[in-house]
Amino acid sequence: MAGRIVMPRLGWTMEEGALVEWLKQDGDRVEAGEILFTVETDKALNEVQSFETGTLRIPPDSPPPGAKVPVGTLLAYVVEPGEPVPFERLAVPGEPGASVTAGVGRGTTAHVPSGPPPRSVEAVRQAASTISPRARRVAAELGVEWTGLAGSGRTGRIVERDVRAAATQMAAAAPEASTLAAQTAEPLARIKASPLARRLAEEAGLDLTALAASKPGATLQREDVEAAIAARTTITPRPAPLPRVGETRPITPVRRLIAQRLSESVHTTAAVTLTTEADASELAALHNRLKSTLTPLGRTAPTYNDLMIKLTAVALGEHPLLNASWQEEGIIIHSGIHLGIAVDTEAGLMVPVIRDVSAKTLQQIATESAALAEKARMRTLGPDDLQGGTFTITNLGMYGIDAFTPIINLPQCAILGVGRMISKPAVHNDQVVPRQMMALSLTFDHRVVDGGPAARFLNTVREYVENPYLWLTQ
Numbered sequence: 011m012a013g014r015i016v017m018p019r020l021g022w023t024m025e026e027g028a029l030v031e032w033l034k035q036d037g038d039r040v041e042a043g044e045i046l047f048t049v050e051t052d053k054a055l056n057e058v059q060s061f062e063t064g065t066l067r068i069p070p071d072s073p074p075p076g077a078k079v080p081v082g083t084l085l086a087y088v089v090e091p092g093e094p095v096p097f098e099r100l101a102v103p104g105e106p107g108a109s110v111t112a113g114v115g116r117g118t119t120a121h122v123p124s125g126p127p128p129r130s131v132e133a134v135r136q137a138a139s140t141i142s143p144r145a146r147r148v149a150a151e152l153g154v155e156w157t158g159l160a161g162s163g164r165t166g167r168i169v170e171r172d173v174r175a176a177a178t179q180m181a182a183a184a185p186e187a188s189t190l191a192a193q194t195a196e197p198l199a200r201i202k203a204s205p206l207a208r209r210l211a212e213e214a215g216l217d218l219t220a221l222a223a224s225k226p227g228a229t230l231q232r233e234d235v236e237a238a239i240a241a242r243t244t245i246t247p248r249p250a251p252l253p254r255v256g257e258t259r260p261i262t263p264v265r266r267l268i269a270q271r272l273s274e275s276v277h278t279t280a281a282v283t284l285t286t287e288a289d290a291s292e293l294a295a296l297h298n299r300l301k302s303t304l305t306p307l308g309r310t311a312p313t314y315n316d317l318m319i320k321l322t323a324v325a326l327g328e329h330p331l332l333n334a335s336w337q338e339e340g341i342i343i344h345s346g347i348h349l350g351i352a353v354d355t356e357a358g359l360m361v362p363v364i365r366d367v368s369a370k371t372l373q374q375i376a377t378e379s380a381a382l383a384e385k386a387r388m389r390t391l392g393p394d395d396l397q398g399g400t401f402t403i404t405n406l407g408m409y410g411i412d413a414f415t416p417i418i419n420l421p422q423c424a425i426l427g428v429g430r431m432i433s434k435p436a437v438h439n440d441q442v443v444p445r446q447m448m449a450l451s452l453t454f455d456h457r458v459v460d461g462g463p464a465a466r467f468l469n470t471v472r473e474y475v476e477n478p479y480l481w482l483t484q
């Protein structure tokens, strides 16, 4: 029987997902394990693979790319050769209220209601993209002008085969140009990579040729590209597009989740913010020394954020009340120190988690934080990357901000805000000299911890900023 492809549940709390794009088209042959489409959840981009082998058939009223789709919604079928397509069979006159059982061991039933479908083919055509991302990439590789092409994909979308057919016609008219395009595309075609891996590499400007050469015969996966991106010594965030005056932007799943969680935090916690200023001159000297030593060796040098992550974990070990959560049955003091790192992305704020920070070296923290930050910017964080944090650090220093009032990331009880490092006149060894000063802001939940313990924790953080060698060996 026809296998049903539905919107999967990719996390315990997932109720719906945004269908980003189909990587296979209606009528394509698919093998078990091949990637069919990508789904955007609250904060991650996920590939969904087929569990069946056969021909992909997508109903005309299937949700278009970009639509929010509830978990369990039917998206497509995978049918065997010669097997009737369920939605075509149901369209037979005289059977308006038929229902089918599409099992393949799943035991699920799809009921097709009588009356008009919820979305016409023309409406789907208008909502869907004109050209698939893969077809757009192939067109760029082969030098094909696609704007005038007629699409043969579902709902008239231009797909890869349309572009390649146009390239073949170009070859007949201009053999030399076609040969040049084929030579350009040939190395790219030989590289084995998953669709999401190719997309991540394209967005990050990463050449897959060298990466593929390091893994001969293997199909490059998302993890391979992320590791290569994280290995770069610097990460330059892409500027977010400027909003147009007068526009109304749709509320994305990420923005809705941010609004929900921050509103809940503001309305349920007894939040208090403490601020202090630390002399970070020794921390700056340590950072510069590590960078000048490790970078020539090809190793990832810890950033200021990495140094703050390590020293904060040591301070939390000495002040466990700040590594706690409020629950109705009691205050939970967490045994592990798992730090959430706030990352600014085009899609919104994301907080991936570095686990068991107190047990990791600075080098391990630097490597992991770089990988997580890039995954956040590329929208490839998984559910495990975003869960289980016990304390959060947010750094606005790169934007020239001194002190601010960070909002607690529930169910945690505290969050540390890190301000900019700026040269100021300060008293050092009984003399007024320029020193690198840094503002620190701690917001804590007064239901969980009182002002005295919170102040002592912040003072410890300040002490470790001013004397980094006290914690460096821990």
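Okay, so the sequence shown: first residue is 11 according to the numbering used here, each after it adds one.
C-beta: ideal position from N, C-alpha, C; glycine also.
Query, Result
"Alpha-carbon to alpha-carbon, I375 and T390", "19 Å"
"Top-ranked residue by Cα proximity to S433, from N439, Q446, L426", "Q446"
"Same chain, Cβ closer than 8 Å to P127, five either side skipped, listed in chain order", "Residue placement at P127 is flagged as unreliable, the pLDDT there being 42, under the threshold of 50; a coordinate-derived value is accordingly withheld."
"Continuous beta strand (DSSP E) assignments of at least 3 residues falling wholly in the stretch 258-332", "281-289"
"Nearest neighbour of T313, chosen from L326, A380, G64, S345 [CA to CA]", "A380"
"Cβ neighbours of R248 in the same chain (closer than 7 Å, five flanking residues each side left out)", "Any answer about R248 is weak, because its pLDDT of 48 lies below 50 and its placement is not dependable; what the coordinates show is given next. Correct list, in chain order: E356."
"G427 (DSSP reduced to helix, strand or coil)", "strand"
"Between the CA atoms of D289 and V148 - distance to the nearest angstrom", "54 Å"
"C-beta atoms of I417 and V264 nearer than 9 Å", "no"
"C-beta contact flag for T453 and T483 at 9 Å", "no"
"Nearest-angstrom Cα separation, counted from G82 out to A108", "With a pLDDT of 37 at A108, under the threshold of 50, the modelled position of that residue is not reliable, and no figure is offered here."
"Cβ pair count under 8 Å reaching 3, the stretch 280-296 against the stretch 470-482", "yes"
"Nearest-angstrom Cα separation, counted from P435 out to Q441", "10 Å"
"Boundaries (first-last residue) of the alpha helix (DSSP H) holding V475", "461-476"
"Local conformation of K78 per DSSP, three classes", "strand"
"Exposure label - E132; buried when at least 16 CB within 10 Å", "With a pLDDT of only 40 at E132, under the threshold of 50, the placement of this residue in the model should not be trusted; the figure read from the coordinates follows. Its Cβ having fewer than 16 others within 10 Å, E132 is exposed."
"Collapsed DSSP secondary structure at K385 in the structure displayed", "helix"
"For G410 and L450, the rounded distance between their alpha carbons", "13 Å"
"Opposing strand residues paired with K434 [DSSP bridges]", "R445"
"Separation of I425 from N419, as counted between CA atoms", "7 Å"
"Opposing strand residues paired with V363 [DSSP bridges]", "G350"
"Alpha-carbon to alpha-carbon, P226 and P444", "54 Å"
"Bridge partners - P21, DSSP secondary structure assignment", "Here residue 21 is Gly; the residue named in the question, Pro, does not match the sequence. None, per the DSSP bridge assignment."
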